[in-house]
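Trainee: Encoded as structure tokens, here's the structure I'll be asking about.
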Amino acid sequence: MKIALGISALFTIPLVFSKEITVSGYIEKSDFTGLDVKLVIYQNGELTTRVFCKPQKVDPSCKKNCNLEIVYNNNKIIRFNSEEIVYKHGGQTYNIDFISDKYILDGCSGVESCRLYTLPFEFKIIEAVVQ
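Heads up: the sequence shown runs through residues -18 to -1, 1 to 113, numbered per mature numbering (1 follows the signal peptide of the UniProt record, and there is no 0).
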């Protein structure tokens, strides 16, 4: 009886391990896209998001280097300004600096009033997986 209980307990304990996800992409605004920005997101090299949309200010009264918000793919939200991106994945929020080859048109005080920018990002997420 004790052996049977011990063996059944072994099979009821879930196995937990982690996997690493690389998230990369960019936010781009150009004269070609007009008021819209292009948001592109890859996970582990696979394209998951490519949308054109008009970002909205998080705080409408903001005047300089405002946080902008993009709603995409069934109400997922990404926020950004000229310094960082705020990305949510699996209930966790990640504040990520843009990688070094970002481009913001000279003379722009922030992305909200700028007509040309490219803001690339790349970061890793460790996700717990239960089996």
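All C-beta atoms, glycine included, are put in the ideal place defined by N, C-alpha and C.
Helix or strand or just coil, what does DSSP make of Ser(-1)?
Mentor: Residue -1 sits at position 18 when you count from the first residue of the sequence shown. DSSP places Ser(-1) in strand when its eight states are reduced to three.
Trainee: My output table needs one value for Glu51: the three-state DSSP class, helix, strand or coil.
Mentor: Along the sequence shown, read from residue 1 onward, the residue named residue 51 stands at position 69. Here Glu51 sits in strand by DSSP.
Trainee: Anyone know if the C-beta pair for Thr31 and Val40 falls short of 8 Å?
Mentor: For the purposes of this step, residue 31 is taken as residue 49 along the sequence shown, with counting starting at 1. For the purposes of this step, residue 40 is taken as residue 58 along the sequence shown, with counting starting at 1. Cβ atoms of Thr31 and Val40: not closer than 8 Å.
Trainee: Going by Cα to Cα distance, which pick from Val111, Asn63, Phe80, Leu(-4) is closest to Cys96?
Mentor: Position 114 of the sequence shown holds residue 96. Looking at the Cα atoms, Asn63 is the closest of the given residues.
Trainee: By how many angstroms is the C-alpha of Gln74 removed from the C-alpha of Asn57?
Mentor: Counted from its first residue, the sequence shown places residue 57 at position 75. Counted from its first residue, the sequence shown places residue 74 at position 92. Their backbone Cα atoms lie some 16 Å apart in a straight line.
Trainee: Take Lys36 and list the residues in its own chain whose beta-carbon comes closer than 7 Å to its own, dropping the five residues that flank it on each side.
Mentor: On the sequence shown, residue 36 is found 54 positions in, with the first residue counted as 1. Same-chain partners within the cutoff: Leu17, Asp18.
Trainee: Please state whether DSSP places Phe80 in a helix, a strand or coil.
Mentor: Position 98 of the sequence shown, counting from 1, holds the residue named residue 80. The answer is coil: DSSP assigns Phe80 none of H, G, I, E or B.
Trainee: Where does Ser95 fall in DSSP's three states?
Mentor: Position 113 of the sequence shown, counting from 1, holds the residue named residue 95. In this structure, Ser95 counts as helix in the three-state DSSP scheme.
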